[in-house]
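Below is one structure, written out as structure tokens, with a few remarks after it.
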Amino acid sequence: MKDVSMKARDTKWVDGLRGVASVFVVTSHLTLAFGDFLLSPAPGPGLTPRWYNLPFIRTFAEGRAWVTVFLVLTGFVNGLKPIQQARSGRVNDALAGMASSCFRRASRLVLPTFVATVFAWLICQFGGFRLAAHVDYSWWLVDTSPVPAKTMGAAIHGLFSAIYTTWTTTIDPYDKNQWTMYWIFKGSITLYVVLLATVRAAPYYRMLVFFILLMYSWSFGDTLVGIPIYCGAMFTELWLTPSIVRFSASRQLLNRAIPISMVAVGLFIMSFPSQNVQFMHWSLSMNNLGLLLFPEGTETANVWYCVGANMITFGVLLSPDMQAFFSHPICLWLGKQSLPIYLLHGPLMRSQLMWYLYAFIPPQWVEQYDWGGNLMSAYPIYQYPALWRLYSGFIIYVVAVGLSCHWWTLNVEPWCARTTKWLEDTMCSTWDQKATSAPVLPVRSEVVAALPGDHRIMALPI
Numbered sequence: 124m125k126d127v128s129m130k131a132r133d134t135k136w137v138d139g140l141r142g143v144a145s146v147f148v149v150t151s152h153l154t155l156a157f158g159d160f161l162l163s164p165a166p167g168p169g170l171t172p173r174w175y176n177l178p179f180i181r182t183f184a185e186g187r188a189w190v191t192v193f194l195v196l197t198g199f200v201n202g203l204k205p206i207q208q209a210r211s212g213r214v215n216d217a218l219a220g221m222a223s224s225c226f227r228r229a230s231r232l233v234l235p236t237f238v239a240t241v242f243a244w245l246i247c248q249f250g251g252f253r254l255a256a257h258v259d260y261s262w263w264l265v266d267t268s269p270v271p272a273k274t275m276g277a278a279i280h281g282l283f284s285a286i287y288t289t290w291t292t293t294i295d296p297y298d299k300n301q302w303t304m305y306w307i308f309k310g311s312i313t314l315y316v317v318l319l320a321t322v323r324a325a326p327y328y329r330m331l332v333f334f335i336l337l338m339y340s341w342s343f344g345d346t347l348v349g350i351p352i353y354c355g356a357m358f359t360e361l362w363l364t365p366s367i368v369r370f371s372a373s374r375q376l377l378n379r380a381i382p383i384s385m386v387a388v389g390l391f392i393m394s395f396p397s398q399n400v401q402f403m404h405w406s407l408s409m410n411n412l413g414l415l416l417f418p419e420g421t422e423t424a425n426v427w428y429c430v431g432a433n434m435i436t437f438g439v440l441l442s443p444d445m446q447a448f449f450s451h452p453i454c455l456w457l458g459k460q461s462l463p464i465y466l467l468h469g470p471l472m473r474s475q476l477m478w479y480l481y482a483f484i485p486p487q488w489v490e491q492y493d494w495g496g497n498l499m500s501a502y503p504i505y506q507y508p509a510l511w512r513l514y515s516g517f518i519i520y521v522v523a524v525g526l527s528c529h530w531w532t533l534n535v536e537p538w539c540a541r542t543t544k545w546l547e548d549t550m551c552s553t554w555d556q557k558a559t560s561a562p563v564l565p566v567r568s569e570v571v572a573a574l575p576g577d578h579r580i581m582a583l584p585i
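Numbers in my numbering are just positions in the sequence shown, counted from 1, shifted up by 123.
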């Protein structure tokens with residue numbers, strides 16, 4: 124019996140939530156670059172926290188938490204169409220759609236990442252990261268700002284090595300923020316494999332499989348693929364479940380309060396600091412609770428971020444009001460730009476922003492001498508910029524990122540789409556035409572004799 128769920132529901136809120144998450148990833152990297160003291164829940168042990176250290180507010184500094192939101196939404200979006208088709212009994216359509224989606228997903232992730240790597244590589248080779256590599260106040264800027272290669276051969280080798288290692292070791296030396304692309308790709312392919320095995324299953328049994336895989340991932344703390352991806356797939360099933368739809372549509376006070384409470388608790392959990400949890404009682408209590416509940420050997424912060432991201436996503440899923448909020452045109456615009464925002468904000472921060480901050484400002488030189496007083500080396504350092512220059516630089520930087528993302532959407536995205544379409548047509552269309560022209564599996568000899576002459580060549584008699 125077909126499990127035909129209610130009519131298709133608007134999922135624009137997913138793009139809006141993804142766009143908001145991308146903005147908080149940017150703010151977290153600005154925090155790492157210019158205010159790593161914000162990563163702690165208080166200025167110091169026993170000190171009163173500032174307003175920006177408080178729970179809820181400090182989520183802007185925890186980028187790893189918002190990356191987890193990306194992963195949960197990846198599981199939700201990738202599972203939406205095949206699960207819809209499976210629930211309506213169109214299993215063959217679901218299988219064909221997954222084959223195409225899997226192929227396109229690979230290209231639509233690899234190609235933009237490739238372009239972004241070339242962009243960052245060019246900036247590096249022309250010395251664009253030189254200033255960021257010599258600041259004395261941010262280890263993150265220094266660590267993510269490579270120096271130009273000494274020869275053209277070394278530069279080209281570095282480019283191809285970066286393209287390769289992005290998808291093998293998750294490390295792109297020209298833009299280390301791209302480490303997440305590997306996990307998004309791996310999570311997508313993993314989910315497609317699970318859906319391939321469960322597409323014929325009844326919805327509740329398919330959800331049981333997701334839950335078992337979720338518990339298996341929980342057992343060894345797979346916070347980058349298993350927990351967020353399978354939770355996202357489970358949310359897809361719940362999104363299409365009639366009882367959940369009725370709960371979401373209800374205007375009763377309790378039904379409206381539960382999702383808001385879930386989002387509030389999720390934001391509090393995502394406020395868990397990545398540094399110095401012992402500075403405040405609330406963060407220390409969360410850390411101790413995590414050590415008690417979470418699998419041994421896992422990073423407590425990352426598991427808390429998974430819990431918080433899932434609670435936020437599920438709360439929005441249950442609340443039409445919050446769905447309407449994340450469907451606002453501004454959120455949708457951010458969602459449309461979320462991939463270029465993620466790929467471009469890092470290189471622009473370490474080049475355009477830094478050159479604005481230190482334009483016409485000479486560096487201080489640090490000289491190193493040996494025991495005999497002879498000068499061994501000297502290197503420049505740049506100290507923390509003036510606040511007026513920093514704040515004005517942030518405004519110019521935001522405009523630069525927005526314009527760059529708009530240009531990317533108009534030029535790079537269409538090129539990636541055309542290239543993906545060309546690859547799919549080239550690699551798949553010819554075989555599809557041949558496969559439909561005649562049987563390719565072994566058939567009985569009398570069947571071969573009955574086939575038209577041209578088709579006998581394609582059949583293998585037994």
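We treat Cβ as the ideally placed atom computed from N, Cα and C, and that holds for glycine.
- The way I'd put it, the stretch 160-175 does touch the stretch 400-408; three or more beta-carbon pairs between them come closer than 8 Å.
- For the set Val270, Glu185, Trp136 and Arg141, the Cα lying nearest the Cα of Phe160 is the one of Glu185.
- The alpha helix (DSSP H) runs of length 4 or more contained entirely in the stretch 231-295 are, from start to end of the chain, 262-266 and 275-289.
- Val489 sits in a strand when the DSSP states are folded into three classes.
- Here Pro296 is not near Pro271, since their CB atoms are 8 Å or more apart.
- As the crow flies, the alpha-carbon of Tyr260 is around 16 Å from that of Phe252.
- Thr313 and Phe147 have their C-alpha atoms spaced approximately 27 Å apart.
- In this structure, the straight-line span from the alpha carbon of Leu282 to that of Val322 is close to 40 Å.
- With respect to Phe437, Phe358 sits close: the two C-beta atoms are nearer than 8 Å.
- Rounded to the nearest angstrom, the Cβ distance from Ser311 to Thr197 is 6 Å, consistent with a contact under 8 Å.
- Take the alpha-carbon of Tyr327 and the one of Val214: they are about 16 Å apart.
- In the structure shown, the three-state DSSP call for Ile180 is helix.
- Per DSSP, reduced to three states, the secondary structure at Tyr297 is coil, with no helix or strand assignment.
- Taking a cut-off of 8 Å for Cβ pairs, the stretch 217-229 and the stretch 380-397 do not touch, as fewer than three such pairs fall below it.
- The three-state secondary structure of Pro351, taken from DSSP, is helix.
- Counting along the chain, no alpha helix (DSSP H) covers Ile484, and no H or E run does either.
- Ranked by Cα distance from Trp530, the options Ala209, Thr423, Tyr481 and Leu462 are led by Leu462.
- Under DSSP, Ala501 shares a beta bridge with Glu490.
- Pairwise C-beta distances place the stretch 439-456 in contact with the stretch 138-153, as three or more of them are shorter than 8 Å.
- Less than 8 Å separates the beta-carbon of Gly202 from that of Ala356.
- If you draw a straight line from the Cα of Val149 to the Cα of Gly220, it is about 34 Å long.
- By the CB criterion at 8 Å, Ile294 and Thr288 fall inside the cutoff.
- In this structure Gln208 is buried. Its beta-carbon is surrounded by 16 or more other beta-carbon atoms within 10 angstroms.
- Ranked by how close their Cα comes to the Cα of Ile286, the residues Ala255, Val200, Leu232 and Leu337 have Leu232 in first place.
- Counting only residues of its own chain and dropping the five nearest sequence neighbours on each side, Met445 has a CB closer than 8 Å to the CB of Trp136, Pro382, Ile383, Val386, Gly438 and Val439.
- The three-state reading of DSSP puts Thr171 in coil, since its state is none of H, G, I, E or B.
- Check the Cα spacing between Ala501 and each of Trp511, Ala509 and Gln487: the tightest is with Gln487.
- Judged by beta-carbon spacing, Phe179 lies within the 8 Å limit of Ser394, meaning their Cβ atoms are closer than that value.
- Annotation for Val426: the continuous alpha helix (DSSP H) segment containing it runs Thr423 to Leu441.
- Per the C-alpha coordinates, the member of Ser474, Met338 and Thr292 positioned closest to Gln248 is Ser474.
- Taking Tyr479 as reference, the option from Val368, Trp511, Thr532 and Tyr492 with the minimal CA-CA separation is Trp511.
- Between Asp298 and Gly469, the beta carbon gap of about 5 Å places them in contact (Cβ cut-off 8 Å).
- Burial state of Phe183 is buried, judged by a 10 Å Cβ sphere holding 16 or more other Cβ atoms.
- From the listed residues Val192, Ala255 and Leu467, the smallest Cα separation to Ala243 is found for Leu467.
- Here Ile464 is not near Ser151, since their CB atoms are 8 Å or more apart.
- Pro205 carries a helical assignment under DSSP once its states are collapsed to helix, strand and coil.
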